[in-house]
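Undergrad: Sending over a structure as structure tokens; questions will come in a sec.
Residue numbers (the working numbering): 7 to 155.
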């Protein structure tokens, strides 16, 4: 997915969330620099996502850890989950999502729009065959589906 399309999808989501009364807040430059000091260079598309929705995302992905203040817990929780299940921890792993403590999404390269991998407790690491932008796009589509029911 190209950057203008990704930005457009995020902006449409933000407009929808704001129309529901949510205050949406992204990470500032200082927060992004702080993350890169701690974890190394982060993919461009991930930084775009965080800059738009990283602090407060309303009810988007509610119940799933994805926000700036949760990132340390997301990464630590993913490492613990893998270690407890005797899963070899991939080099350069950076987890950006942790769902209910048993399923994690992560990338292993830092290209602009990296491939996304999933580890769910009791399973093996799976390549989702999605890039980060496609993964977020699918989450947005799922969110929109639930808004029309």
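Each residue gets a CB set at the ideal place from its N, CA and C atoms; glycine is no exception.
1) Less than 8 Å between the CB atoms is what I'm expecting for residue 16 and residue 59, so what's the real figure, rounded?
2) DSSP state of residue 105, grouped into three classes?
3) Counting pairs of Cβ atoms below 8 Å between the stretch 20–28 and the stretch 38–49, do you hit three or more?
4) Closest to residue 64 by C-alpha separation, out of 34, 29, 121, 109, would be which residue?
5) Enumerate in chain order the residues of its own chain whose CB-to-CB distance from residue 146 is below 7 Å, with the five nearest sequence positions on each side excluded.
6) Among 34, 50, 128, whose alpha-carbon lies nearest the alpha-carbon of residue 62?
7) I'd like to know whether the C-beta atoms of residue 139 and residue 51 end up nearer to each other than 8 Å.
8) Let's test the definition: count the other Cβ atoms within 10 Å of the Cβ of residue 103 and tell me whether it reaches 16, buried, or not, exposed.
9) In chain order, which beta strand (DSSP E) runs of at least 3 residues are fully inside the stretch 88–141?
10) Taking the DSSP output, what are the residues bridged to residue 63?
TA: Checking against the coordinates, here is how it stands:
1) Counting from 1 along the chain shown, the entry for residue 16 is found at position 10. Counting from 1 along the chain shown, the entry for residue 59 is found at position 53. Contact holds; Cβ gap of about 7 Å.
2) Residue numbering aside, residue 105 sits at position 99 when the chain shown is read from its first letter. In this structure, residue 105 counts as strand in the three-state DSSP scheme.
3) no
4) If you number the chain shown from 1, residue 64 lands on position 58. For the residues 34, 29, 121, 109, the minimum Cα distance to residue 64 belongs to 29.
5) Stepping through the chain shown from its first residue, residue 146 is reached at position 140. Cβ-Cβ distances below 7 Å link residue 146 to 15, 19 in the same chain, with the five nearest sequence neighbours on each side left out; the list follows chain order.
6) Within the chain shown, the letter at position 56 stands for residue 62. Of the residues 34, 50, 128, the one whose Cα lies closest to the Cα of residue 62 is 34.
7) Counting from 1 along the chain shown, the entry for residue 139 is found at position 133. Counting from 1 along the chain shown, the entry for residue 51 is found at position 45. Against a cut-off of 8 Å, the Cβ pair of residue 51 and residue 139 comes out as a contact.
8) Translated into the one-based positions of the chain shown, residue 103 becomes position 97. Residue 103 is buried by the Cβ-count criterion.
9) 100–105, 109–113, 121–126, 132–137
10) The residue given as residue 63 occupies position 57 in the chain shown. Partner residues in a beta bridge of residue 63, as assigned by DSSP, do not exist.
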